[in-house]
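The next block holds one structure in the form of structure tokens; read it before the comments.
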Amino acid sequence: MATIKDVAKEAGVSIATASRVINNAPHTSESAIVAVQAAMAKLRYRPNANARALVSKSSNAIGVLVNDVSAPFFGTMVKAIDSIACEQGKQLLIGNGYHDAEKERNAINLLINSRCESLVVHSKGLPDSEIVKLAHEIPGMVLINRIVPEIGSRCIALDNRRGSYIATEHLIRSGHQHIGYICSSHDIDDAHDRHAGYLDALRDNGIEIRNDYVEYGEPDEMGGELAMINLLAKNTPITAVATYNDYMAAGCMTLLQENGIRIPEDMSVIGFDDGHIARYIYPRLTTIRYPIQVMANEAVKLSLLLASHDDEANQDKQHKLFVPIIVKRSSVSHPK
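Position 170 of the sequence shown, counted from 1, bears residue number 159 in the numbering used here, the numbering being contiguous throughout.
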């Protein structure tokens, strides 16, 4: 494998000159640039990314922290960020945090040590104080799906409480009075806010809140199925169920249909997120749209601006809160 010493020898220049060309340093003669580039092509020399980062004090990468990149929601988020990265000629480095403080901390440290000046962070495990400290250390860090008031201008989030309120109110306006709720068992703001939105809608519409109408589970298909099993086992008179996300809704719907309960004739179901699964399960799922692609685009663009020390990035001191909307499909109807 060719080295920079081989390139310099082939080009007839010093190692220092070869290094300047490779790292696009200023004040390098055109003849040296042509000679070194020709030598690199002939020897098939590939610059070492870490060595270039040492010269520029940064890498050509954007760091992204997600809960779990294998989850479709975070896959959509990463793809949206990657589209902007490609436009900017940058690559992504991705870390999984799994909503665990220690794992998030280790992943962020790895991204920082890899010289990622732009960071888009989806953190649910780290305390606010640690997030603030990191933001002060990394000017290009942006927080997505969470609001930390001390760094509000660098936070992009969705109004989860409002979204769950809209979902529950849609069921109420469809004539339902006995509405169950399938909630994530994860101890994160998203779960608390969405549960709170469900309760708010019941209170505002004068409907009695019943704890036995609520069940918890992992925020996936299996969790939704098990939670629906528990709801049915209680023999409550519910005619509709709101869910934490579309995947819990899908598990819930499968269980209902396997037990001869028709959707929406016997039970209405509403999801949250408007992921791909919402369009392709049957019946097609009424849900709350989470504009994660738009939010991710906003987050990475802001991160790049902050990393470049662009004054425009610091003009807005408030967090950016996106408003959810309902997407009406076929899983909700009036009760019999």
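Where a beta carbon is used, it is the ideal one built from N, C-alpha and C, also for glycine.
Sequence-distant residues of its chain with Cβ nearer than 6 Å to residue i (five each side left out)
i, result
"I136", "C144, A146, H308"
"I250", "M256"
"A296", "E106, S107, G129"
"A285", "M66, A69, I70"
Environment of residue i [buried if 16+ CB atoms lie within 10 Å]
i, result
"S319", "exposed"
"D182", "buried"
"K122", "exposed"
"S292", "buried"
"R150", "buried"
"H184", "buried"
"S8", "buried"
"L245", "buried"
"L310", "exposed"
"K223", "exposed"
"N13", "exposed"
"N39", "Note that N39 scores 49 on pLDDT, short of 50, meaning its location in the model is unreliable and no value can be drawn from it."
"V23", "exposed"
"K68", "exposed"
"I120", "buried"
"G186", "buried"
"Y271", "exposed"
"V283", "exposed"
"P15", "exposed"
"S174", "exposed"
"G1", "exposed"
"I198", "exposed"
"L43", "Because L43 carries a pLDDT of 46, less than 50, the predicted location of this residue cannot be relied on, and no value is offered for it."
"G78", "exposed"
When the options are compared against residue i, the one with the closest alpha-carbon
i, options, result
"G260", "E287, A(-9), S153", "S153"
"E76", "I101, S257, N49", "N49"
"R273", "L99, I101, N98, K317", "K317"
"S142", "F63, G129, R150", "G129"
"M237", "A222, T228, G264", "G264"
"E(-1)", "A5, S18, M29, N12", "M29"
"A118", "N13, H323, V67, P138", "The sequence shown places Ser at residue 118, rather than the Ala named in the question. For S118, the nearest C-alpha among the options comes from P138."
"V289", "R9, I70, V55, P36", "I70"
"L221", "L132, G206, N248", "N248"
"P61", "S297, I315, D235", "D235"
"D262", "M211, N134, A21", "N134"
"E254", "P208, A24, M66, S163", "S163"
"Q166", "T225, E93, I140", "T225"
"A27", "V(-4), H125, N56", "V(-4)"
"N200", "I73, I227, V110", "I227"
Residues near residue i by beta carbon distance below 7 Å, same chain, minus five either side
i, result
"A(-9)", "L32, R33, Y34"
"P313", "L147, D148, R151, G152, I155, I277, R278, Y279"
"L99", "G84"
Cβ distance (whole Å) where residue i is taken to contact residue j below 8 Å
i, j, result
"S103", "L81", "Contact doesn't hold; Cβ gap of about 11 Å is too wide."
"P51", "S107", "The amino acid occupying residue 51 in the given sequence is Ile; Pro does not appear at that position. Correct: roughly 5 Å between the Cβ atoms."
"E158", "A190", "5 Å"
"I97", "L54", "6 Å"
"I127", "I101", "7 Å"
Residue i (DSSP reduced to helix, strand or coil)
i, result
"F261", "coil"
"S174", "coil"
"S59", "coil"
"T232", "strand"
"K309", "strand"
"V137", "coil"
"A42", "Bear in mind that a pLDDT of 47 at A42, under 50, signals an unreliable position, so the number given afterwards is only what the model happens to contain. It is helical."
"G169", "strand"
"N194", "coil"
"T(-8)", "coil"
"R225", "Residue identity check: residue 225 is Thr in the sequence provided, not Arg. DSSP places T225 in coil when its eight states are reduced to three."
"V25", "helix"
"S20", "helix"
"M217", "helix"
"M66", "helix"
"L115", "coil"
"A296", "helix"
"V53", "strand"
"V131", "strand"
Close Cβ partners of residue i (< 8 Å) along its chain, the five nearest in sequence each way excluded
i, result
"C241", "I171, G213, E214, A216, M217, V230, T232, V258"
"I315", "I155, A156, H159, T275, T276, I277, R278"
"M211", "G240"
"T17", "T6, R9, V10"
"P116", "A90"
"I177", "H88, K113"
The ligand NAD heavy atom lying under 8 Å from the CB of residue i
i, result
"V321", "For the structure depicted, the ligand NAD is absent and the ligand set is empty, with no information on it obtainable."
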